[in-house]
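Take a look at the structure below.
Residue numbers (the working numbering), protein chains in the order written: chain A, 1 to 406; chain B, 1 to 185.
And the structure:
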């Protein structure tokens with residue numbers, strides 16, 4: 001019992017420290033990638049402050065953190081005091097608490113007869129449900145922040161952000177549901193295990209699910225092209241306009257933690273987690289038996305982390321690739337396009353799972369995957385052709401009586 | 001304005017083709033553009049290590065200098081044309097009777113407040129004897145306001161520093177015939 005508590009405490013400490021440091025360094029990475037895409041270099045001169053040690057920009061998060069700590073903590077006069085303080089606390093708490101069930105690797109045989117599982121809460125049967133429940137709670141942080149700021153523009157930003165987050169929870173769940181249906185369990189470790197043992201990642205066997213989940217996670221993390229609620233050009237800061245210093249730091253860190261959570265989920269659900277076909281299986285390296293040696297556990301952690309960094313790089317690159325969606329286009333995309341595509345994905349996955357045995361007999365494994373892909377492309381073509389871009393009551397500009405001219 | 005006015009051009013939004021409605025092909029096209037810029041050359045000049053390239057240093061308006069003639073005397077005849085032309089009133093001249101027979105006056109003191117100067121070049125254009133010129137030195141710094149008031153000795157020393165790299169227009173050397181590597185940076 002004591003051992004369990006102490007190991008869990010160590011995991012929590014490593015997790016929280018690692019995540020906050022990672023969020024800080026991902027801000028630096030985001031600035032560098034933004035700069036490179038814009039044909040310039042990013043911050044590459046900051047070393048350790050007050051010394052002459054050059055670190056080529058790696059001291060930037062330290063400098064940013066110090067700046068935030070030393071800024072004046074200003075509470076505007078007419079804000080709702082309780083909710084103003086509660087909002088960033090709630091969003092940061094839920095953002096960190098999501099990581100309680102996310103595995104960081106497989107297992108590490110350190111000491112004791114049982115290897116240590118790299119999840120804070122191992123064997124949690126409702127893992128995915130817990131994650132979605134907490135990300136729904138994170139909406140409160142945005143809503144409270146917008147309301148408590150006593151600023152109509154913050155309120156508008158908060159309302160928009162809330163509507164966006166709630167609307168995209170459905171495609172997120174639908175994309176996930178296909179994976180859960182194929183695996184039959186809600187535990188993330190089981191999902192990775194299923195991909196590792198079958199050898200086929202769910203990105204290949206459920207492409208439509210991947211697309212729906214990917215786009216929905218962009219919206220849940222409020223990244224471009226879905227970041228209208230906090231677009232600087234439109235709403236100054238949206239729901240975090242009136243915040244400064246540590247509370248603003250909490251909002252920004254929570255936003256990056258949402259992005260990190262989204263990448264973790266994408267990698268674990270669709271890209272195989274820590275498995276990399278041959279590289280991470282014991283048989284490849286000639287290791288006998290089921291027990292995983294220490295170095296293989298570390299290799300698995302490394303594979304998981306590299307995949308997550310690649311997905312995060314994709315998130316950051318895509319920020320400068322596509323224009324921002326207008327709010328009505330954003331909501332139309334969620335309800336009119338992503339929801340039908342998600343349902344289509346679910347139908348395809350369910351039907352193919354039900355009739356899997358005869359289909360594999362007739363077409364083979366690859367044939368079933370090809371069938372899935374062709375059905376998915378058909379679903380997307382139908383969506384592209386049938387779903388109207390805007391409702392039909394908009395007059396075309398070419399008619400002169402639009403403006404009531406004689 | 002009538003509705004059937006022929007000068008009005010009614011525009012409709014362009015219709016999205018199938019590729020556009022499917023979103024994904026165009027999305028990947030955008031990603032290739034971004035990736036190309038990600039690995040392409042950067043336009044930043046890392047300043048202290050790399051100096052920016054000045055297109056033509058002879059017409060660049062940087063720090064002033066007072067030219068000397070062939071015999072090493074200051075060319076300025078204290079006519080006050082530059083001080084009058086200066087829009088920022090940063091030139092301060094005290095004239096005195098010149099010790100040389102071929103001139104009436106010479107500047108006993110000649111101060112330019114580089115911090116007030118707007119580097120417009122009016123003094124260079126106004127001077128009738130090509131005495132004051134603007135060089136291509138741009139990164140001048142000082143630690144106090146007094147230090148940035150350049151007096152005659154300082155301006156003559158700027159001349160000594162730059163007279164080879166940027167010769168005077170009246171020195172007779174055609175400036176741009178030299179190969180590019182020898183041009184002043």
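Glycine included, every Cβ here is placed at the ideal spot set by N, Cα and C.
Everything numeric in this text was worked out from a predicted model, so none of it was measured.
CB of residue i within 7 Å of CB of residue j, strictly
i: residue 325/A; j: residue 213/A; result: no
i: residue 137/B; j: residue 63/B; result: yes
i: residue 127/A; j: residue 175/A; result: no
i: residue 49/A; j: residue 25/A; result: no
i: residue 349/A; j: residue 195/A; result: no
i: residue 146/A; j: residue 91/A; result: no
i: residue 172/A; j: residue 139/A; result: no
i: residue 29/B; j: residue 322/A; result: no
i: residue 161/A; j: residue 242/A; result: no
i: residue 133/B; j: residue 36/B; result: no
i: residue 106/A; j: residue 274/A; result: yes
i: residue 44/B; j: residue 45/A; result: no
i: residue 188/A; j: residue 268/A; result: yes
i: residue 218/A; j: residue 154/A; result: no
i: residue 379/A; j: residue 353/A; result: no
i: residue 127/B; j: residue 86/B; result: no
i: residue 221/A; j: residue 259/A; result: yes
i: residue 158/B; j: residue 75/B; result: no
i: residue 316/A; j: residue 33/A; result: yes
i: residue 51/B; j: residue 90/B; result: no
i: residue 384/A; j: residue 42/B; result: no
i: residue 253/A; j: residue 280/A; result: no
i: residue 43/A; j: residue 31/A; result: yes
i: residue 137/A; j: residue 94/A; result: yes
Within chain B, partners of residue i - CB distance below 7 Å
i: residue 380/A; result: 22
i: residue 39/A; result: 37, 40, 42, 43
i: residue 221/A; result: Neighbours of residue 221/A on chain B: none; closest Cβ ~17 Å, over 7 Å.
Chain B residues whose Cβ lies nearer than 9 Å to that of residue i
i: residue 36/A; result: 37, 38, 39, 40, 42
i: residue 318/A; result: 27, 30, 31, 34
Same chain, Cβ closer than 6 Å to residue i, five either side skipped, listed in chain order
i: residue 175/B; result: Low confidence applies here, because residue 175/B scores a pLDDT of 48, under 50, leaving its location unreliable and the question unanswered by this model.
i: residue 25/B; result: 19
i: residue 15/B; result: none
i: residue 140/B; result: 63
i: residue 28/A; result: 60, 61
i: residue 334/A; result: 167, 168
i: residue 177/B; result: Residue placement at residue 177/B is flagged as unreliable, the pLDDT there being 47, under the threshold of 50; a coordinate-derived value is accordingly withheld.
i: residue 94/B; result: 108, 109
i: residue 103/A; result: 118, 119, 188, 189
Residues that residue i contacts on chain A, provided the C-beta gap is smaller than 9 Å
i: residue 66/B; result: Near residue 66/B there are no residues of chain A at all, since even the closest Cβ is about 38 Å away, more than 9 Å.
Interface residues of chain B facing residue i [CB-CB closer than 8 Å]
i: residue 322/A; result: 27, 30
Whole-Å CB distance - residue i paired with residue j, under 8 Å assumed
i: residue 338/A; j: residue 182/A; result: Wrong, their Cβ atoms sit about 20 Å apart, outside the cutoff.
i: residue 150/B; j: residue 124/B; result: About 15 Å; that fails the 8 Å criterion.
i: residue 23/A; j: residue 257/A; result: 6 Å
i: residue 346/A; j: residue 177/A; result: 6 Å
i: residue 223/A; j: residue 319/A; result: 6 Å
i: residue 82/A; j: residue 131/A; result: Actually they are not in contact, since the Cβ atoms of residue 82/A and residue 131/A sit about 28 Å apart, beyond 8 Å.
i: residue 34/B; j: residue 37/A; result: 5 Å
Beta-carbon neighbours of residue i, restricted to chain A and to distances below 7 Å
i: residue 18/B; result: 384
Own chain, CB closer than 7 Å to residue i, minus 5 neighbours either side, in chain order
i: residue 15/A; result: 99, 120
i: residue 98/B; result: 104, 105, 106
i: residue 408/A; result: Summary: the structure shown does not reach residue 408/A, with chain A confined to residues 1 through 406, and so no result is reported for it.
i: residue 54/A; result: 47
i: residue 201/A; result: 195, 270, 271, 272
i: residue 282/A; result: 292, 296
i: residue 74/A; result: 244
i: residue 247/A; result: 88
i: residue 264/A; result: 102, 308
i: residue 284/A; result: 278
Contact set for residue i: own chain, Cβ-Cβ below 8 Å, skip 5 residues either direction
i: residue 462/A; result: This structure does not reach residue 462/A, given that chain A is present from 1 up to 406, and the question cannot be answered.
i: residue 371/A; result: 352, 359, 363
- Complete alpha helix (DSSP H) runs within the segment 1-48 of chain A (minimum length 4 residues, chain order): The qualifying runs are 2-37.
- Query: If you scan the segment 111-167 of chain B from start to end, which runs of the beta strand (DSSP E) of 3 or more residues do you find wholly inside it?
  - Reply: List check, beta strand (DSSP E) in window: 132-134.
- Output the residue ranges of the alpha helix (DSSP H) runs that lie fully inside the segment 10-77 of chain B and measure 4 residues or longer, sorted by chain position. 18-22, 24-39, all fully within the segment 10-77 of chain B.
- Item | Segments of 3+ residues assigned as beta strand (DSSP E) that fall wholly inside the segment 281-341 of chain A | Scanning the segment 281-341 of chain A from its first residue to its last, no whole beta strand (DSSP E) run of 3-plus residues comes out.
- Item | Entirely enclosed alpha helix (DSSP H) segments - the segment 181-259 of chain A, minimum 4 residues | The qualifying runs are 188-198, 202-205, 207-220, 232-235.
- Task: Note down, one range per segment and in chain order, each beta strand (DSSP E) of at least 3 residues found wholly within the segment 93-150 of chain A.
- Result: The beta strand (DSSP E) runs of length 3 or more contained entirely in the segment 93-150 of chain A do not exist; there are none.
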